[in-house]
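In the working numbering, the protein residues as written are 9 to 222.
Using N, Cα and C, we set each Cβ at its ideal position, and we do this for glycine too.
These numbers were taken from a predicted model, which means no experiment stands behind them.
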Amino acid sequence: MFTDQEKEAIYKAIYTRRDVRTFRPDPIPSEIILKILDAAHHAPSVGFMQPWNFIVISTDEIKNRLAWAADKERRALAIHYEGDRETQFLQLKVEGIKQAPLTICITCDPTRGGSHVLGRNSIPETDSLSTACAIQNMWLAACAEGLAMGWVSFYKKNDIRDILDIPPHIDPLALISIGYTDHYPIKPILESANWEKRLMLHELIFHEKWGSQK
Ligand SMILES: Cc1cc2nc3c(=O)[nH]c(=O)nc-3n(C[C@H](O)[C@H](O)[C@H](O)COP(=O)(O)O)c2cc1C
C-alpha cells in the first residue's frame with residue numbers, strides 16, 4: 009500500500025517530468041546515474057526479455073560526433089518545413105547533446121531471449137515498447153533526483169551505430185541528454201511555444217466501441 013504522501017510523490021514526478029534542452033555542465037554523481045539506470049532496468053518487458061543496454065558517454069569527442077549526426081539529420085529534416093522554426097527547435101537539442109555532461113544511448117536488442125520471446129511472437133515491436141518503458145522509468149527517476157533529461161530521436165541509426173560501435177542487429181532507440189539545468193520548463197516546451205497543446209482526455213476515452221463517447 010502507498011501512503012497518501014507516497015501517492016502524491018508518484019503523481020508529482022509524472023506531472024513535473026519535462027523534456028529539457030539546456031543543461032549546466034556540472035557533473036552528475038555516479039551513484040545517481042546508477043540509481044536512474046537501475047530504475048530503467050526495473051521496467052516491464054515483453055517475456056521479461058530486458059532488451060535494453062545503456063551506453064554512457066561523457067567524452068566531448070564522442071558527444072560532438074553524436075551532435076554532428078543529429079545536426080546532419082536536422083538539416084535533412086528542414087526540407088519538410090516551410091519556415092525554419094521547427095528546425096531551430098531541433099538545433100537546441102543538438103546544442104543540448106554538447107552541453108549536457110552525459111549522453112546515454114539506449115539500445116534495444118531484438119534477439120535477446122532467442123527467437124520465441126513470450127508475447128513478442130505476436131507483436132514484434134513489443135521489444136522497442138519495453139525499451140520505451142525503461143526510458144520512461146529513467147525519466148521519472150531523473151525528475152525525482154532533480155535532473156533534467158532530453159530525448160533525441162532525430163538521427164540515422166547507422167550513423168549512431170558507426171560512432172558507438174553498435175552491432176547491426178542492435179537498435180539505438182534513443183539518445184538521452186542528461187544533466188542539471190537552470191531552465192526547467194513548467195510546461196512542455198512545445199506547448200509554451202504554441203506548437204501543440206495537450207489534447208482533452210475526455211475526447212480520447214471511448215466506451216465499448218471506437219469513437220463512442222458518453
Ligand atoms: C519517443 C520520443 C521521441 C522524442 N524525440 C524527440 C526529438 O527527436 N527531438 C525533440 O526535440 N524532442 C523529442 N522528444 C521530446 C518530446 O518533444 C516531448 O516529450 C514532448 O514535446 C512533450 O513534452 P514533455 O516531455 O516536456 O511533456 C521525444 C519524446 C519521445 C517520447
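With respect to Arg82, Phe162 sits close: the two C-beta atoms are nearer than 8 Å. In chain order, Ile65, Ile105, Lys106 and Thr111 place their CB closer than 7 Å to the CB of Lys71, counting only its own chain and leaving out the 5 sequence neighbours on each side. Per DSSP, Ile105 is one residue of the alpha helix (DSSP H) stretching across Arg93 to Gln107. Proximity of the beta carbon of Phe162 to ligand 1 is indicated: a heavy atom of the ligand is located closer than 7 Å.
The closest CA to that of Thr189, considering only Ala47, Ile114, Arg206 and Pro109, is found on Pro109. DSSP places Leu172 inside the alpha helix (DSSP H), whose first and last residues are Lys165 to Leu172.
DSSP places Ala47 in the helix class (H, G or I) of the three-state scheme.
Around the CB of Asp68, fewer than 16 other CB atoms lie within 10 Å, so the residue is classed as exposed. Distances from the alpha-carbon of Asp46 to those of Asn145, Asp167 and Ala182 put Asn145 closest.
With a cut-off of 7 Å, the C-beta of Leu172 is classified as distant from ligand 1, since no heavy atom of the ligand falls inside that distance.
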